[in-house]
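> Structure provided below as structure tokens; questions to follow.
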Amino acid sequence: MGQSKINTCVFPVAGFGSRFLPASKAVPKEMLPIVDKPLIQYAVEEAAAAGLKQVCFVNGRHKQAIENHFDRNFELETSVKDTDKEQLLTGINQLMDSCSFASIRQVEAKGLGHAIGCSEPIVDHQPFAVILPDDLCVNPGGESVLQQMVALYERYQCSIVAIEEVPVDQVNKYGVIDGEEEADGVFRVRTMVEKPAVDEAPSNLAIIGRYVLTPDIFKLIADTKPGKGGEIQITDALMKQAVEGRVIAYRFKGTRFDCGSVPGYVSATNYCFEQFYKS
Ligand code: G1P
């Protein structure tokens, strides 16, 4: 198991984005821009830069704008052709040309584990990655977070979750791990708990929205009962691999912005404007 190259990146995007209402009422939260680019484009760019050229959206009804963003719009292209606006589409067009895109419906909102499980027909029996586009990760001048994780997968050949230290009073918002630090920032996971109470958390090492998963996860998800919030949690499915020593938690190099919250979204906007746009 786990010898193959990682080609597919799964993007669970079916959620309502209710933390960001009313902005997300008619516009998918993944289409909200950070400066002039929607969040989902940053996420797909990160996957493509890590060599994952097969994109799989796990989508819900009313969110076709996500698929449309990665499709041609000939009327628009014709109207900007030979104007100074034409080059504004260069980045997205190059991204579309370099990747293939598939979508699959999550017909019921039954949790992140369930959403990832929906991608099985596209992922097939290969290791794959998952990006939660809410978590915008940057590492200027260095490898992206997913690139770092793919390199780690080549070494460890098991599932990998990205982690960061969060303030102790924030642990109840995340999956939280505990484990043995085998190398600098690389933990062999012993236990993982979805959104524990602050006084019951095994540590303050929180899972953020980047995963590399081995394909046996699909069977484990299928056998996972609803957990926290009555939802099928990826954390619970991964715990079954962790008890066999088959999950690595990686304290990544870079910065994460929680763009599902207003403060995180504003910080990401300010950061990206300063880094990439100000001239
Ligand atoms: C999900 C996962 C959680 C993880 C988080 C990272 O939670 O269930 O374990 O820490 O993503 O963003 P959500 O934020 O979707 O409730």
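When you read off a place in the sequence shown, starting at 1, and then add 32, the result is the number in the working numbering.
All C-beta atoms in this analysis are idealised placements derived from N, C-alpha and C, irrespective of residue type, glycine included.
To test your reading of the DSSP string, which unbroken alpha helix (DSSP H) runs of 4 or more residues are found completely within the region 106–176?
Taking only runs of at least 4 residues, the alpha helix (DSSP H) segments lying wholly in the region 106–176 are 106–112, 122–130, 144–150 and 152–155.
> Out of Pro-65, Asn-236 and Asn-105, state which residue places its alpha-carbon closest to the alpha-carbon of Pro-199.
It is Asn-236 whose Cα lies nearest to the Cα of Pro-199.
> Using DSSP with H/G/I as helix, E/B as strand and the rest coil, what is Leu-184?
Note: Leu-184 maps to helix in three-state DSSP.
> Any heavy atom of ligand 1 closer than 6 Å to the Cβ of Ile-195?
It does not: the Cβ of Ile-195 is nowhere closer than 6 Å to a heavy atom of ligand 1.
> Would you list the residues sitting across from Pro-70 in a DSSP beta bridge?
Note: Pro-70 sits in a beta bridge opposite Pro-65.
> Measure the C-alpha to C-alpha separation of Gln-189 and Gly-217 and round it to an integer number of angstroms.
The alpha-carbon atoms of Gln-189 and Gly-217 are separated by roughly 17 Å.
> Taking only runs that begin and end inside the region 186–251, name each unbroken beta strand (DSSP E) of 3 or more residues, in chain order.
Here the runs fully enclosed are 191–197, 207–215, 218–226 and 237–245.
> Going by other Cβ atoms of all chains shown within 10 Å of its Cβ, with 16 needed for buried, is Gly-149 buried or exposed?
Buried, by the Cβ-count rule.
> Out of Ser-135, Leu-84, Gln-73 and Val-221, state which residue places its alpha-carbon closest to the alpha-carbon of Leu-168.
Measuring from the Cα of Leu-168, the nearest candidate turns out to be Gln-73.
> Using a threshold of 6 Å, is the CB atom of Tyr-297 nearer than that to any non-hydrogen atom of ligand 1?
False, no ligand heavy atom lies under 6 Å from that Cβ.
> In this structure, how does DSSP classify Gln-86 when only helix, strand and coil are distinguished?
It is a strand residue.
> Of the residues Met-63, Ile-209 and Ser-111, which one's Cα is nearest the Cα of Gly-277?
Minimum Cα distance to Gly-277 is reached at Ile-209.
> Buried or exposed for Pro-159, going by 16 or more other Cβ atoms inside 10 Å?
Answer is buried; the Cβ neighbour count reaches 16.
> Touch check for the region 135–147 and the region 88–102: three-plus C-beta pairs under 8 Å?
Yes, since at least three Cβ pairs between the region 135–147 and the region 88–102 fall closer than 8 Å, the two stretches touch.
> Can you tell which of Val-67, Ile-163 and Ala-80 has the C-alpha that lies nearest to the C-alpha of Tyr-243?
Residue Ile-163 is the option with its Cα nearest to Tyr-243.
> Val-221 and Gly-211 look like a contact to me (Cβ under 8 Å); what is the Cβ gap, rounded to whole Å?
Val-221 to Gly-211, Cβ: 4 Å. Contact.
> Go ahead and label Tyr-156 buried or exposed: buried means 16 or more other beta carbons lie within 10 angstroms of its beta carbon, across all protein chains shown.
According to the sequence displayed, residue 156 carries Asp and not Tyr. That one is exposed.
> Does the beta-carbon of Arg-288 have 16 or more other beta-carbons within 10 angstroms, so that it is buried, or is it exposed?
Arg-288 should be labelled buried.
> Would you mind working out which of Ala-233, Val-298 and Ser-151 sits nearest Val-203, comparing C-alpha positions?
Nearest option by C-alpha distance: Ala-233.
> I'd like to confirm something about Gly-207: is its beta-carbon nearer than 6 Å to some heavy atom of ligand 1, or not?
Correct: Gly-207 has its Cβ closer than 6 Å to ligand 1.
> Taking 6 Å as the cut-off, does the CB of Ile-240 come closer than this to any heavy atom belonging to ligand 1?
Result yes, Cβ under 6 Å from ligand 1.
> So what does DSSP say about Met-33, is it helix, strand or coil?
Bear in mind that a pLDDT of 46 at Met-33, under 50, signals an unreliable position, so the model cannot answer this.
> Return the chain-ordered list of same chain residues with a C-beta closer than 7 Å to the C-beta of Glu-77, the five sequence neighbours on each side being excluded.
Contacts found: Leu-127.
> Apply the 10 Å Cβ neighbour rule to Gln-119 and answer buried if 16 or more other Cβ atoms are within range, or exposed otherwise.
The residue in question, Gln-119, is exposed, as its Cβ has fewer than 16 Cβ neighbours within 10 Å.
> For the alpha helix (DSSP H) that Asp-103 lies in, which residues bound it at each end?
It is not in any alpha helix (DSSP H) - Asp-103 carries neither H nor E in the DSSP assignment.
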